Amino acid sequence: GAVVSQHPSWVICKSGTSVKIECRSLDFQATTMFWYRQFPKQSLMLMATSNEGSKATYEQGVEKDKFLINHASLTLSTLTVTSAHPEDSSFYICSARPRLAGGGETQYFGPGTRLLVL
Amino acid sequence: AQSVAQPEDQVNVAEGNPLTVKCTYSVSGNPYLFWYVQYPNRGLQFLLKYITGDNLVKGSYGFEAEFNKSQTSFHLKKPSALVSDSALYFCAGAYSSASKIIFGSGTRLSIRP
Numbered sequence: 007g008a009v010v011s012q013h014p015s016w017v018i019c020k021s022g023t024s025v026k027i028e029c030r031s032l033d034f035q036a037t038t039m040f041w042y043r044q045f046p047k048q049s050l051m052l053m054a055t056s057n058e059g060s061k062a063t064y065e066q067g068v069e070k071d072k073f074l075i076n077h078a079s080l081t082l083s084t085l086t087v088t089s090a091h092p093e094d095s096s097f098y099i100c101s102a103r104p105r106l107a108g109g110g111e112t113q114y115f116g117p118g119t120r121l122l123v124l
Numbered sequence: 010a011q012s013v014a015q016p017e018d019q020v021n022v023a024e025g026n027p028l029t030v031k032c033t034y035s036v037s038g039n040p041y042l043f044w045y046v047q048y049p050n051r052g053l054q055f056l057l058k059y060i061t062g063d064n065l066v067k068g069s070y071g072f073e074a075e076f077n078k079s080q081t082s083f084h085l086k087k088p089s090a091l092v093s094d095s096a097l098y099f100c101a102g103a104y105s106s107a108s109k110i111i112f113g114s115g116t117r118l119s120i121r122p
């Protein structure tokens, strides 16, 4: 149980293009999903918190117009990196917090998406 | 400000020996504390959590962690290390069930045969 998937697992794109990453909770409903960014040999940096049916809350320093987040349903959130540049190359990880009472404090993580912008 | 610290970048242990990965926290109120493990090019896997109750928490793969309020620590332990335990370990904390989780910087655990 508590499986979170991400698609694609890796993507290479040209500078200036947009890339969409999907995050799905496969066997549970998630009221909240989180998007993280991880640079090599570093910890996870929270980018934004996504609640189903409402606008995402972005962390300080994260450009909301560049990193578009949509939480269309209780099992799907998407992150779109718009007009990607080489400095956006990173490992993007999503997590989902179950809707069930008692499980709300635990996040379950997706396998990550490695983005390389040329 | 809330924070979680992992003072060791790397921990090296011989297979079969006990291991400890250290974590200290600065979280207001009664903290929610977690340990996650990350294998190369993979997302994080949940190991265990402390919410309330018994200070010794048992988790996946034989790992356990001890919550120590006086020392504000939540060290991860295992009595006998396996080579397959080699990975990157993250300690994390939150001050409520609904708040965001704050991650430590990570500790790379290396188990030599």
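Protein chains in written order, with my numbering: chain A, 7 to 124; chain B, 10 to 122.
From the three backbone atoms N, C-alpha and C, an ideal C-beta is built for every residue, glycine too.
Keep in mind the model is a prediction, meaning the values are calculated, not measured.
Using only the alpha-carbon positions, how far apart do residue i and residue j sit?
i	j	result
His91 (chain A)	Tyr42 (chain A)	18 Å
Asn76 (chain A)	Phe115 (chain A)	18 Å
Glu75 (chain B)	Thr88 (chain A)	44 Å
Ala103 (chain B)	Ile110 (chain B)	5 Å
Gly109 (chain A)	Ala102 (chain A)	Confidence in Gly109 (chain A) is poor, its pLDDT being 48 and thus under 50, which makes the residue's placement too unreliable to answer from.
Ala8 (chain A)	Ala36 (chain A)	10 Å
Arg20 (chain A)	His13 (chain A)	Note on identity: in this sequence residue 20 (chain A) is Lys, with Arg being the wrong assignment. If you take the alpha carbons of Lys20 (chain A) and His13 (chain A), they lie about 18 Å apart.
Tyr64 (chain A)	Ala54 (chain A)	4 Å
Gln48 (chain A)	Gln113 (chain A)	19 Å
Leu56 (chain B)	Thr84 (chain A)	26 Å
Lys87 (chain B)	Met51 (chain A)	28 Å
His84 (chain B)	Phe45 (chain A)	25 Å
Ser31 (chain A)	Phe112 (chain B)	22 Å
Lys67 (chain B)	Lys78 (chain B)	17 Å
Ala94 (chain A)	Asp71 (chain A)	A quick correction: the sequence has Asp, not Ala, at residue 94 (chain A). One C-alpha to the other measures close to 14 Å.
Asn64 (chain B)	Ser56 (chain A)	32 Å
Is the beta carbon of residue i less than 8 Å from the beta carbon of residue j?
i	j	result
Gly118 (chain A)	Tyr98 (chain A)	yes
Trp16 (chain A)	Arg120 (chain A)	yes
Ser106 (chain B)	Tyr41 (chain B)	yes
Glu24 (chain B)	Arg117 (chain B)	no
Ala14 (chain B)	Thr33 (chain B)	yes
Leu74 (chain A)	Glu58 (chain A)	no
Pro16 (chain B)	Lys31 (chain B)	yes
Gln19 (chain B)	Ser119 (chain B)	yes
Val22 (chain B)	Ala96 (chain B)	no
Gly115 (chain B)	Tyr98 (chain B)	yes
Asn26 (chain B)	Ala90 (chain B)	yes
Closest Cβ-Cβ distance between residue i and chain A: below 8 Å?
i	result
Ile110 (chain B)	yes
Leu91 (chain B)	no
Phe50 (chain B)	The question names Phe, but residue 50 (chain B) is Asn in the sequence shown. At least one chain A Cβ lies under 8 Å of Asn50 (chain B).
Phe72 (chain B)	no
Phe76 (chain B)	no
Phe156 (chain B)	Any question about residue 156 (chain B) goes unanswered here, given that chain B covers just 10 to 122.
Ser95 (chain B)	no
Gly68 (chain B)	no
Ser114 (chain B)	yes
Closest Cβ-Cβ distance between residue i and chain B: below 8 Å?
i	result
Ile99 (chain A)	yes
Gly118 (chain A)	yes
Tyr64 (chain A)	no
Phe115 (chain A)	yes
Val9 (chain A)	no
Contact set between the region 37-65 of chain B and chain A, restricted to residues whose Cβ is under 8 Å from the partner
Tyr41, Phe43, Tyr45, Asn50, Arg51, Gly52, Leu53, Gln54, Phe55, Lys58, Ile60
Length at least 3, wholly inside the region 73-102 of chain B: the beta strand (DSSP E) runs in chain order:
73-77, 82-87
Against chain B, which members of the region 22-56 of chain A pass a CB distance test of less than 9 Å?
Thr38, Phe40, Tyr42, Gln44, Lys47, Gln48, Ser49, Leu50, Met51, Leu52, Thr55
When you check each C-beta in the region 66-88 of chain A against every C-beta of chain B, which residues fall closer than 9 Å?
none
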